[in-house]
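>
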Amino acid sequence: MDESLYDLRTVQVTRYVTPLREGGSMPALAEADDGFFYVLKFRGAGQGVKALIAELIGGEIARTLGLKVPEIVFATLDSAFGRTEPDEEIQDLLKASVGLNLGLHYLSGSITFDPTVTHIDETLASKIVWLDCLLNNVDRTARNTNMLLWNRELWLIDHGAALYFHHSWQNWEAQATRSFAYAKDHVLLPLATRMTELDAELKGKLGNERIQQIVRQVPDEWLLAAESPFATAEEHRQAYAQFLTTRIAHSATFVKEAQHARETII
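What the sequence shown shows, in the UniProt record's numbering, is residues 1 to 266, in sequence order.
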């Protein structure tokens, strides 16, 4: 496997265009020096670098499983950026985000996925629910699907709420083997009929080598800035790898929980 195929690009942010929505994370549409627009996730917002770590790991695992995710890039803000921003709250956010942030390619013209309007097949639904159970992603509900339709295809966005155990790291080894109770709230659970059938295939795509490739892309500066019980960035990085490989090995546990939850709501 050619590791260079998975290297993330780095862009320099040149223009803050507009905030995308209210809330703690305060993402924004921004333009970069490559001429493209990105949805920018700031290290100085809300959950800080932990949300960026979850976004990177979750997005790259989704891509490995063959699911569609906008290109993820590292996005650099220099200290001069945002000085002319008139909104004080946004200016404070930009000042707190100097350095390396994260961007997702902006899907211009996309629309929010609405399960009452657009039907997706059971294979795709099963893969997405499996992914979110693996990642402990609590944020793919009917209220907030975090999926877009673009060019007639379904795209996954916003994995910042995944891996929620890393906000405290308490009992994280044990959490890796547990089921995922929030599967019952997943917007696609009613359609996820093939999780057991697809389990071995999905696990096979996420071998130890691929997991290591993904976690190696998490920057040291994010790991060192995130509060954790680990002494070094590499120990911190390998804890993510251990959590993921353990959880993948115990996927039958969360698949069974999701099946049970689906039977309950059908």
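All residues carry an ideal CB built from backbone N, CA and C; glycine is no exception.
Since the model is a prediction, treat every value here as computed from it, not as a measurement.
Between Q170 and chain B, is any beta-carbon pair separated by less than 8 angstroms?
In summary, chain B is missing from the structure at hand, where a single protein chain is found.
> Would you call I111 buried or exposed, if buried means 16 or more other Cβ atoms sit within 10 Å of its Cβ?
exposed
> Please classify S4 as buried or exposed, where buried requires at least 16 neighbouring CB atoms within 10 angstroms.
Note on S4: pLDDT 43, under 50, position unreliable in the model; no value is reported.
> Rounded to whole angstroms, what's the CA-CA distance from F74 to F165? Just pull it up for me.
24 angstroms
> Taking just the CA atoms, how far does P190 sit from A252?
19 angstroms
> Tell me whether L148 is buried or exposed, calling it buried when 16 or more other Cβ atoms sit within 10 Å of its Cβ.
buried
> Since G99 sits in a beta bridge, which residues does DSSP pair it with?
L77
> For M147, name the three-state secondary structure that DSSP assigns.
strand
> Using DSSP with H/G/I as helix, E/B as strand and the rest coil, what is F165?
helix
> Where T141 and R262 are concerned, what is the direct C-alpha to C-alpha distance, given to the nearest angstrom?
14 angstroms
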